Amino acid sequence: MLLPTALYSRLAGAPGAAEPLPVERNPAAGAAPFLFTPRLVRFPRDHEFFEDGDVQRHLYLQDMLTQVSETPEKSMVPEFTCQVAGCCQVFAALEDYQHHYHMSHGNTCSLCSRAFPSGHLLDVHILEWHDSLFQILAQRQDMYQCLVEGCPEKFRTSQDRKDHMVRLHLYPADFRFDKPKTNRGPAMPAAADPPARALKDDSDAMEICSEPAAPPPCRRTYSHSCLPGAIFHSCLDIGL
Amino acid sequence: MWSRRQGRLSTLACGVEELRCRRREREAALRKARREQQLVSKRLLREDAPEEAGGQSAAVLLGEAEVQQFLRLAQRGTDEKEREKALVSLRRGLQHPETQQTFIRLEGSMRTLVGLLTSNRALLQLEAARCLHELSHSEQSAVAEACLPATSYLLTYLSGHSSEFIELCLYTLGNLIVESEAVRKQLLPQGIVPALVACIQSPHVAVLEALGYALSQLLQSKEAPEKIIPSLLDSSLLQHMLRLMQPGPKLNLGVAVEFAWCLHYIICSQVNNAMLLSHGALPTLAMLLLDMAGAAQRMDDAGLELLACPVFRCLSNLLTEVPVEAMGEQMELRDERIVAALFILLQFFLQKQPTLLSEGLWLLNNLTANSPTLCTSLLSLDLIEPLLQLLPLSNVISVLVLTVLCNIVEKGPAYCQRLWPGPLLSCLLNTLVLSDIEVVGQSLELLQLLFLYQPEAAQAFLQQSGLQALERHQEETQLRDRILALQQTAIHG
């Protein structure tokens, strides 16, 4: 298909509409037995007109997903240590370090050093654990907000909130980011016995809500000698 | 766009001819699936040849004892490297469908995996996420459904900052979404829309592409028009999508492709296209069209056809939703650069992707049908001859070209005069030789209009043996009346 050369410069030129030629229709136009009237055509999603394009799209997705599944090559570097105070994890690949940094030091509470998967959950944690005004207000009004972003509901107790999240939002009852506060405080050294935990118990996941309950005795064990208590007591110990 | 993924072809051991053959097979399989309404099934989402790729990711069949052992090691091992290695071994095993079955039947296995996924040991987390990703690829809904306990966490992590991890979560979600209605039913109440709204503000291109993919799968589901699209339109997700499709230096082709497809599904659902119009979807799409034509011209065109297809569709279908009174206000739709861009793209795809031509011409029809302005532009920019050159390509294309020509000619004598004299008549005499009823029928319509507004054309028609050409189709029921009428007009004026 040969295009007029002026077309390319027109594309690059200024916006502008042609002055339309006068429209003058004869009533005999498109009259029976003829059918034609100009009309816009809409195709629904599954119309066969779209078959070719859909197939091309799918071929592309196939290629893309195959590549996504392959483990990306990592940028290997000489081993280095995480520079965040108290963390002595060693890395040999930049991507690994990046992930570690974001997950372990990204949304970290400066008051108790617990790490959270998102800024939102960190904010809620600070409010519910470290804000004394919150405690006062909570005695008189619904303060425990639903953890699902966009849900405006608030509750009197964290248990009510949990019930709401399970019932309405279909969250698991043991959602790890919604555990009652335990009063273990920030820096606990290695404790006596390893907890007799089965596959289940990960109570030290990034807790958020607080309960005015008696603190259970500390049952934490640190098998990683390089971890000082201050930073990683939110170590999810599935068997640590 | 695909800078990290260029190495793919080199991992395949087979040659170019084999690749082409394989691609034809894949195409045939996809066509069949589409006709059976099964294109959304994940069965066809991943190219099915991990063994051929060799080396790195050979699927390994693991027995129950081995799966259990790897899980235990990952969960309770003392050395971090050992724990990681156990998960890597598990992941390789999970590429095999039987291992997947073994895994989901093992009690507590998903719990353990989710525990590792939510641990704060970063590398274990990543490997656990990769294991979950493998499971999400399964063609068995039972396996996808076994991953249900993980979805609330996948969604929670979308608001984080570790881009590689988020990307993995998104692709996993996308895969699970395709396979299982149970998963989709759970994701909406779990807050997938707000999670996506938070995530779509990420600056990472790879994250945005993954998000677009997951969203496109969600929007393709059969219940999307009732259950998903309304919530989506209630959120700010649409504005973000349109923002990411704005042409300019920040436009990323891979990201735009995904969101263009999302937009296509939304528009087809017709849930609230008025809202799309009020958010400026038309100008965005029009500008994107101009941008693409510029890219084609500069030969900066890798993957352009992937974007052009959904953009053509979005523009074309959305045009049908513009109320007639409002058509005149849409400045972009009268700008003659839009037809210039479309023709440049048509010529480009003629070489690269001829299947796109019909969709492009459909767009041209919708642009010109009720637009004297754009019909005039086609004339003043000398685009009629190029249009005629497309006639012989296929019956579908012939009908579309003839329809666009009818759009122009039906506007009256001022338009027909610009077509006369010209190659139009001889082209029509050629199309009359064809046997396809649609093509011939549309040619007859065009002839009627031409004779009406340009009487000299009727005379020339007679002189060039037009009547004989008409006689050929006289017996055809669908054409007979029109042929008779034309014969009368030609002879008696």
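Going down the list, the protein sequences come from chains G and R. For reference, each letter of the first sequence is one residue, going 1 to 240 in full-length UniProt numbering. For reference, each letter of the second sequence is one residue, going 1 to 493 in full-length UniProt numbering. Yeah, the Cβ is synthetic: ideal placement off N, Cα and C, and Gly gets one too. Small disclaimer: the values here were computed from a predicted structure and weren't measured.
Have a look at the DSSP bridge pairing and note the partners of residue i.
{"i": "N107 of chain G", "result": "G:F116"}
{"i": "D335 of chain R", "result": "G:A17"}
{"i": "T81 of chain G", "result": "G:V90"}
Kindly indicate which three-state DSSP category residue i falls into: helix, strand or coil?
{"i": "V114 of chain R", "result": "helix"}
{"i": "M76 of chain G", "result": "strand"}
{"i": "P189 of chain G", "result": "With a pLDDT of only 31 at P189 of chain G, under the threshold of 50, the placement of this residue in the model should not be trusted; the figure read from the coordinates follows. Coil, per DSSP."}
{"i": "Y171 of chain R", "result": "helix"}
{"i": "E155 of chain G", "result": "The amino acid occupying residue 155 of chain G in the given sequence is Phe; Glu does not appear at that position. Note: F155 of chain G maps to strand in three-state DSSP."}
{"i": "F451 of chain R", "result": "helix"}
{"i": "F103 of chain R", "result": "helix"}
{"i": "E47 of chain R", "result": "Only weak support is given to the placement of E47 of chain R: the predicted model assigns it a pLDDT of 44, under 50, and the value that follows is read from those uncertain coordinates. Looking at E47 of chain R - three-state DSSP - the assignment turns out to be coil, as it is neither helix nor strand."}
{"i": "V433 of chain R", "result": "coil"}
{"i": "V90 of chain G", "result": "strand"}
{"i": "residue 556 of chain R", "result": "Because residue 556 of chain R is not part of the residues shown, which for chain R are 1 to 493, the question remains open."}
{"i": "Y171 of chain G", "result": "coil"}
{"i": "Q474 of chain R", "result": "coil"}
{"i": "Q141 of chain G", "result": "coil"}
{"i": "G303 of chain R", "result": "coil"}
{"i": "T5 of chain G", "result": "coil"}
{"i": "S231 of chain R", "result": "helix"}
{"i": "G55 of chain R", "result": "Unreliable placement is indicated for G55 of chain R, whose pLDDT of 42 sits below 50; the coordinate value is still reported in the next sentence. G55 of chain R falls in the helix class under three-state DSSP."}
Could you tell me which chain R residues have their CB closer than 7 Å to the CB of residue i, listed as they occur along the chain?
{"i": "A29 of chain G", "result": "E410, L449, L452"}
{"i": "Y171 of chain G", "result": "S152, Q190"}
{"i": "P20 of chain G", "result": "P372, T373, T376"}
{"i": "S118 of chain G", "result": "T156, S159, G160"}
{"i": "L52 of chain G", "result": "The question names Leu, yet the displayed sequence has Asp at residue 52 of chain G. The answer, in chain order, is T355."}
Just to confirm, does residue i get its C-beta within under 7 Å of one of the non-hydrogen atoms of the ligand PLP?
{"i": "L237 of chain R", "result": "Annotation note on the ligand PLP: not contained in the displayed structure, which lists no ligands."}
Are the beta-carbon atoms belonging to residue i and residue j less than 8 Å from one another?
{"i": "L128 of chain R", "j": "L148 of chain R", "result": "Residue identity differs from the one stated: residue 128 of chain R is Ala in this sequence, not Leu. No, the pair does not count as a contact, with Cβ atoms beyond the cut-off."}
{"i": "L425 of chain R", "j": "A457 of chain R", "result": "yes"}
{"i": "E446 of chain R", "j": "L479 of chain R", "result": "The sequence given here has Leu at residue 446 of chain R, not Glu. The answer is no: Cβ separation not under 8 Å."}
{"i": "E64 of chain R", "j": "L106 of chain R", "result": "yes"}
{"i": "V183 of chain R", "j": "Q217 of chain R", "result": "no"}
{"i": "G360 of chain R", "j": "L345 of chain R", "result": "yes"}
{"i": "P117 of chain G", "j": "G160 of chain R", "result": "yes"}
{"i": "L196 of chain R", "j": "L211 of chain R", "result": "yes"}
{"i": "S269 of chain R", "j": "H102 of chain G", "result": "no"}
{"i": "L176 of chain R", "j": "S136 of chain R", "result": "yes"}
{"i": "C87 of chain G", "j": "S104 of chain G", "result": "yes"}
{"i": "L383 of chain R", "j": "F349 of chain R", "result": "no"}
{"i": "G93 of chain R", "j": "L62 of chain R", "result": "yes"}
{"i": "L121 of chain G", "j": "P386 of chain R", "result": "no"}
{"i": "A414 of chain R", "j": "F451 of chain R", "result": "no"}
{"i": "I229 of chain R", "j": "I266 of chain R", "result": "yes"}
By the criterion of Cβ-Cβ separation under 8 Å, what are the contact partners of residue i in chain R?
{"i": "P152 of chain G", "result": "Within 8 Å Cβ-Cβ: nothing; P152 of chain G doesn't reach chain R, min ~11 Å."}
{"i": "L94 of chain G", "result": "Ordered by position in chain R, no residue passes the 8 Å Cβ test against L94 of chain G, which lies about 10 Å from the chain."}
{"i": "R25 of chain G", "result": "E410, K411, G412"}
{"i": "A17 of chain G", "result": "M331, R334, D335, E336, T373, S377"}
{"i": "A115 of chain G", "result": "N120"}
Given that residue i touches chain G, what residues does it touch there, using C-beta distances under 7 Å?
{"i": "residue 536 of chain R", "result": "This structure leaves residue 536 of chain R out entirely; chain R is present only between 1 and 493."}
{"i": "G268 of chain R", "result": "One point to set straight first is that residue 268 of chain R is Cys, not Gly, in the sequence displayed. Per Cβ cutoff of 7 Å: P44, R45."}
{"i": "H161 of chain R", "result": "H102, G106"}
{"i": "Q100 of chain R", "result": "Chain G residues near Q100 of chain R: none, gap ~14 Å exceeds 7 Å."}
Starting from the beta carbon of residue i, find every residue of chain G whose beta carbon is closer than 8 Å, and list them in chain order.
{"i": "L319 of chain R", "result": "L40"}
{"i": "L126 of chain R", "result": "D96, H99"}
{"i": "L290 of chain R", "result": "L11"}
{"i": "residue 527 of chain R", "result": "The structure shown does not extend to residue 527 of chain R, since chain R spans only 1 to 493, so no value can be given for it."}
{"i": "I344 of chain R", "result": "L3, L7, Y8, L11"}
{"i": "A469 of chain R", "result": "Going along chain G, no residue has its Cβ under 8 Å from A469 of chain R, so there is no contact; the nearest lies around 18 Å."}
{"i": "L381 of chain R", "result": "P4, A6, L7, R10"}
What in chain G is Cβ-close to residue i, meaning under 9 Å?
{"i": "G294 of chain R", "result": "L11, A12"}
{"i": "L350 of chain R", "result": "M1"}
{"i": "D347 of chain R", "result": "The sequence shown places Gln at residue 347 of chain R, not Asp. The answer, in chain order, is M1, L2, L3."}
Would you check if there are 3 or more beta carbon pairs closer than 8 Å linking the stretch 457 to 471 of chain R to the stretch 44 to 53 of chain G?
-> no
At least three beta-carbon pairs within less than 8 Å, the stretch 181 to 199 of chain R to the stretch 167 to 179 of chain G | yes
Should the stretch 294 to 301 of chain R be regarded as contacting the stretch 265 to 283 of chain R, the criterion being three or more beta carbon pairs within less than 8 Å?
-> no
With contact counted as at least three CB pairs below 8 Å, one residue from each stretch, are the stretch 197 to 205 of chain R and the stretch 151 to 161 of chain G in contact?
-> No, the stretch 197 to 205 of chain R is not in contact with the stretch 151 to 161 of chain G.
The stretch 26 to 39 of chain G contacting the stretch 254 to 273 of chain R, beta-carbon criterion three pairs below 8 Å | no
If you pair each beta-carbon of the stretch 243 to 251 of chain R with each one of the stretch 213 to 233 of chain R, do three or more pairs fall below 8 Å?
-> no
So, do the stretch 67 to 80 of chain G and the stretch 88 to 100 of chain G have three or more beta carbon pairs nearer to each other than 8 Å?
-> yes
Cβ contact (3+ pairs, closer than 8 Å) linking the stretch 107 to 114 of chain G and the stretch 129 to 141 of chain G = yes
Using 8 Å as the threshold, is the stretch 437 to 446 of chain R in touch with the stretch 392 to 412 of chain R, meaning 3 or more CB pairs across them?
-> yes
Is the stretch 287 to 296 of chain R touching the stretch 305 to 322 of chain R, taking contact as three or more C-beta pairs under 8 Å?
-> yes
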